[in-house]
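Accompanying notes for the structure given below.
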Ligand SMILES: NC(=O)c1ccc[n+]([C@@H]2O[C@H](COP(=O)([O-])OP(=O)(O)OC[C@H]3O[C@@H](n4cnc5c(N)ncnc54)[C@H](OP(=O)(O)O)[C@@H]3O)[C@@H](O)[C@H]2O)c1
């Protein structure tokens, strides 16, 4: 089965590519300098010449705070280009798996979010991703699957775990937000889910995150507890702060845990816990955590 992957150099795309090769999928992943997905003609030419069975779109504009003042760029990649990829898939008769985000929600419900819960993005990034989902679903109907995920950590690029591991030995203290609840999700696990979805004729929207919820604050404390034995130097004292005090340009949902029952029934197994995902990730980084 031939996969065309956009965004294969990114955090999730890298894990998808690595696992696809291990699982003997035929996978082609042009880099940004070869195919810029905001160029409609390049996208069309690429899809029609490669003739994949499935296109996986992990490419996105992901600078959540910067998007607040780079609105045009965010919409170009996350909405318009997602639409170009979907149209190229429709023209070439192939399926598309598109990755989206919990930031389409405002997080005010205070309970795990189902696929059909009302969206209300709080940020430019969230709006651009939601409009991208819509373009993909409108163009492709039953030939599109949108996988919403959240709080990713993987080997490529910068993520929360990576930042904590860097800052723990550098800083005397660190302030971390205690009033935003997420389900931290290991990109390695999600990549396996994406590849399972490549094999199955799935459509619509599905929520895919690791199981369990935690605040960023407690997540940081948990990471520190696991890695402390591997550092000689004292590690930063973790102190609580609030989203309001941090005052980042883009507003984030306060509670974005997913109801993952659709994913569980489609794949026949529940997601792994975020703790298991974190252990696997730290082991990949060389920390011999139990
Ligand atoms: N990271 C998270 O916590 C998170 C949470 C929820 C949902 N998501 C979603 O998950 C997906 C993957 O996220 P990620 O963290 O893996 O993102 P990422 O690390 O920022 O990777 C994004 C990739 O997209 C590529 N890209 C950007 N603009 C492009 C363009 N115009 N043409 C072609 N490629 C382009 C980038 O190329 P370069 O490397 O060359 O710039 C990069 O390889 C995205 O849809 C994101 O919205 C992420």
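In the working numbering, the protein residues as written are 77 to 366. The beta-carbon is built from N, C-alpha and C at its ideal position, and this holds for glycine as well. A quick note: this is a predicted structure, and the numbers were derived from the prediction, not measured.
Within the DSSP secondary-structure output, residue 133 pairs in a beta bridge with 82, 174. Remark: fewer than three beta-carbon pairs, one from each stretch, lie closer than 8 Å, so the segment 275-287 and the segment 246-254 are not flagged as touching.
In this structure, the C-beta of residue 339 stays at least 7 Å away from each heavy atom of ligand 1. Between the segment 179-189 and the segment 120-132, the count of C-beta pairs closer than 8 Å stays below three; the two stretches do not touch. Comparing alpha carbon positions, the residue from 246, 98, 133 closest to residue 159 is 133.
In terms of Cβ geometry, residue 260 and residue 311 do not form a close pair [threshold 8 Å]. For residue 283, the enclosing beta strand (DSSP E) has its first and last residue at 280-283. In this structure, DSSP gives residue 287 an extended state, which the three-state scheme calls strand. When the alpha-carbon of residue 347 is set against those of 359, 334, 193, the nearest one is in 334.
Between residue 268 and residue 95, the beta carbon gap of about 6 Å places them in contact (Cβ cut-off 8 Å).
Here residue 366 is exposed. Its C-beta has fewer than 16 other C-beta atoms within 10 Å. Per the C-alpha coordinates, the member of 304, 199, 123, 198 positioned closest to residue 165 is 123. If you ignore the 5 residues before and after residue 336, its C-beta comes within less than 6 Å of the C-beta of 283, 347, all in its own chain and listed in chain order. Taking 7 Å as the cut-off, the C-beta of residue 295 does not count as close to any heavy atom of ligand 1. A direct Cα-to-Cα measurement between residue 362 and residue 89 gives close to 21 Å. The C-beta separation of residue 227 from residue 270 comes to about 16 Å, leaving the pair out of contact by the 8 Å criterion. 272 is the residue among 262, 157, 272, 256 whose C-alpha sits nearest the C-alpha of residue 79. In this structure, DSSP gives residue 275 a helical state, which the three-state scheme calls helix.
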